[in-house]
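Chemist: Numbering (this note's numbering), first residue to last: 20 to 248. Attaching a single structure in structure tokens format; questions to follow.
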């Protein structure tokens with residue numbers, strides 16, 4: 020995380036040598052301000068800066084009166100470039116349908132394709148997420164190819180799906196709501212742990228149920244499993 024601080028015409032910080040008071044002024048950094056910045060793909064840097072922004076607000080700003088702000092977030096990209104290779108990876112999941120207007124770009128410009136993916140947001144918190152599924156086997160095969168699968172791999176791993184789509188799958192979609200998060204927001208709680216009757220520890224142990232617990236030898240034998248120390 021790079022930072023620069025302006026005090027009058029004096030500039031300090033880890034990247035101070037790259038800025039002048041005039042440059043910072045054009046960026047909206049005034050006297051006494053500190054600017055924090057990151058470099059990298061937006062899908063990596065924006066969430067980091069957002070968490071930092073929320074923490075700063077929590078520490079220095081009074082809590083605003085609670086309102087009710089709902090919105091739908093749409094027009095997500097169908098693909099995103101892999102951070103290391105730059106090759107396409109799916110932004111949501113590989114069965115999300117592209118916008119009908121963008122299907123023509125799927126072969127030539129996959130990164131320009133938008134997904135029929137949608138999030139419901141309340142007061143800045145994601146309540147649920149969903150998407151419309153691909154029903155055209157040719158589109159599904161093209162998506163798999165962009166993800167690096169050969170025709171043989173597609174047939175071996177997803178042949179049943181393509182056959183089902185070719186038989187005439189109807190348009191369909193899904194939407195999943197994080198019910199525990201809805202309860203947390205409705206109750207004004209600060210954490211999911213506050214609205215779960217028996218939350219797990221940070222080590223993922225359920226103290227009330229005593230889980231996880233060792234499996235009985237006869238159960239392991241039924242499943243042909245062996246516990247190796």
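Heads up, the beta-carbon is just placed ideally off N, CA and C, and yes, glycines get one too.
Looking at residue 150: is its Cβ nearer than 8 Å to the Cβ of residue 183?
Modeler: Locating residue 150 in the chain shown gives position 131, counting from the first residue. Locating residue 183 in the chain shown gives position 164, counting from the first residue. No, Cβ-Cβ distance for residue 150 and residue 183 is not below 8 Å.
Chemist: On a Cα-Cα basis, can you pick out the residue from 205, 22, 135 and 31 that is closest to residue 190?
Modeler: Working through the chain shown from its first residue, we reach residue 190 at position 171. Minimum Cα distance to residue 190 is reached at 135.
Chemist: Residues bridged to residue 29 by DSSP?
Modeler: The residue labelled residue 29 in the question sits at position 10 within the chain shown. In DSSP, residue 29 forms a bridge with 26.
Chemist: Residue 93 to residue 116, Cα distance in whole Å?
Modeler: Counting from one through the chain shown, the residue named residue 93 turns up at place 74. Counting from one through the chain shown, the residue named residue 116 turns up at place 97. Taking the straight line joining both Cα atoms gives about 13 Å.
Chemist: Residue 226 and residue 220: beta carbons closer than 8 Å?
Modeler: Mapped onto the chain shown, residue 226 falls at position 207. Mapped onto the chain shown, residue 220 falls at position 201. Yes, these two residues count as a Cβ contact at 8 Å.
Chemist: DSSP on residue 55, reduced to helix/strand/coil?
Modeler: Within the chain shown, residue 55 is the residue found at index 36, counting from 1. Three-state result, residue 55: strand.
Chemist: Just to confirm before moving on: does the CB-CB distance between residue 50 and residue 26 stay below 8 Å?
Modeler: Counting from 1 along the chain shown, the entry for residue 50 is found at position 31. Counting from 1 along the chain shown, the entry for residue 26 is found at position 7. Contact: yes.
Chemist: Could you tell me whether the region 121-136 touches the region 90-104, where touching means 3 or more Cβ pairs closer than 8 Å?
Modeler: Result yes; three or more Cβ-Cβ pairs closer than 8 Å.
Chemist: Along the chain, where does the alpha helix (DSSP H) that runs through residue 206 open and close?
Modeler: Taking the first residue of the chain shown as 1, we reach residue 206 at position 187. Counting along the chain, the alpha helix (DSSP H) containing residue 206 begins and ends at 198-206.
Chemist: Do you know how far the Cα of residue 111 is from the Cα of residue 103?
Modeler: For the purposes of this step, residue 103 is taken as residue 84 along the chain shown, with counting starting at 1. For the purposes of this step, residue 111 is taken as residue 92 along the chain shown, with counting starting at 1. The alpha-carbon atoms of residue 103 and residue 111 are separated by roughly 19 Å.
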